[in-house]
Amino acid sequence: MWAVRRPPPRSDRHPPPPFNAPAARRLRAALGLDPDHVAQALRVSYDLPYVTPALVAAWERGRASPSRPELTALAGVLWCSPGELIGRPRTLREHRVARGLAPEDVARTAGHELHAYLRMEETGRWRGTERQSAALARILGLSLADVIAVTGREDQLAELLRAAATTRWQAYVRPVSKIAPLERRLLETVLHRLHQDYQGHMAATLSWGGGPGDAGDTGRDFLDRIVDHFWHTTAAEGGPAQV
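For the numbering used here, add 906 to where a residue sits in the sequence shown, where the first one is 1.
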């Protein structure tokens, strides 16, 4: 039915910012639309004849990202601003692009050869000294959360936080502090809160008449977003926003 092929991606010095797939899915559902409706509107109203329901679904699942024109058109269909469909930068490259900086500028400021820096962007892993990391944070305006993400330690942090929320949180203060060097009392407060919140979600689901399966789903949802909960709770308790 849709014989028109999507144009190949162009090499762009300023590629589109990261796409917020959950936001797109949530906004579409709030309007009572399905991917077919969205695809049809993009084809008819925004002259994107190649867009299929499968492509819309791929965007929403994070398997593909819309180009800049596609992002603008999608925002029109979903009655939102393009900014509402832009996610927080998570990779080294996304942070640089969001700041509008050339790789040469970041490499020079951070004290790396350009080829070495570009390799770090390609692999998604920052390999720099503490001093170089501090310089990177300054030029890119990175928060502590951002630094942990771009240095490839977020998965390790998530694993520790899940254990703290589901078992004895006191045992994880020191391991978490090695990744997120926060003041000890603050870290204790945050881990205690995460533990209480997790237990509260589990208990509330059962008290509302949900079965063990419902409680498990609620708990998994909380644990899937444990890193976000950690940083939100840290900020609520007066933790630092920037390194």
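Note that CB positions come from ideal geometry on N, CA and C, so glycine has one too.
- Straight-line spacing of the CA atoms in residue 1010 and residue 1030 works out to 17 Å.
- Within its own chain, the residues whose Cβ lies closer than 7 Å to the Cβ of residue 999, once the five positions on either side in sequence are excluded, are 1027, listed in chain order.
- Between the stretch 1096 to 1111 and the stretch 1046 to 1062, the count of C-beta pairs closer than 8 Å stays below three; the two stretches do not touch.
- For residue 953, there is no enclosing alpha helix (DSSP H), as DSSP marks it with neither H nor E.
- Straight-line measurement puts the Cα of residue 931 at about 39 Å from the Cα of residue 1090.
- Here the C-alpha atom of residue 1023 lies approximately 12 Å from the C-alpha atom of residue 1039.
- Distance from the CA of residue 1145 to the CA of residue 1032, rounded to the nearest whole angstrom, comes to 24 Å.
- Counting along the chain, residue 1138 sits inside the alpha helix (DSSP H) bounded by residues 1132 to 1142.
- Annotation: residue 951 to residue 1131 spans about 36 Å, alpha carbon to alpha carbon.
- Across the structure, residue 978 and residue 1002 are spaced so that their CA atoms are roughly 21 Å apart.
- Only residues of its own chain outside the window of five on either side were considered, and among them 1078, 1081, 1082 have a CB closer than 6 Å to the CB of residue 1066, listed in chain order.
- The distance from the Cβ of residue 924 to that of residue 995 is about 6 Å, consistent with a contact at the 8 Å cut-off.
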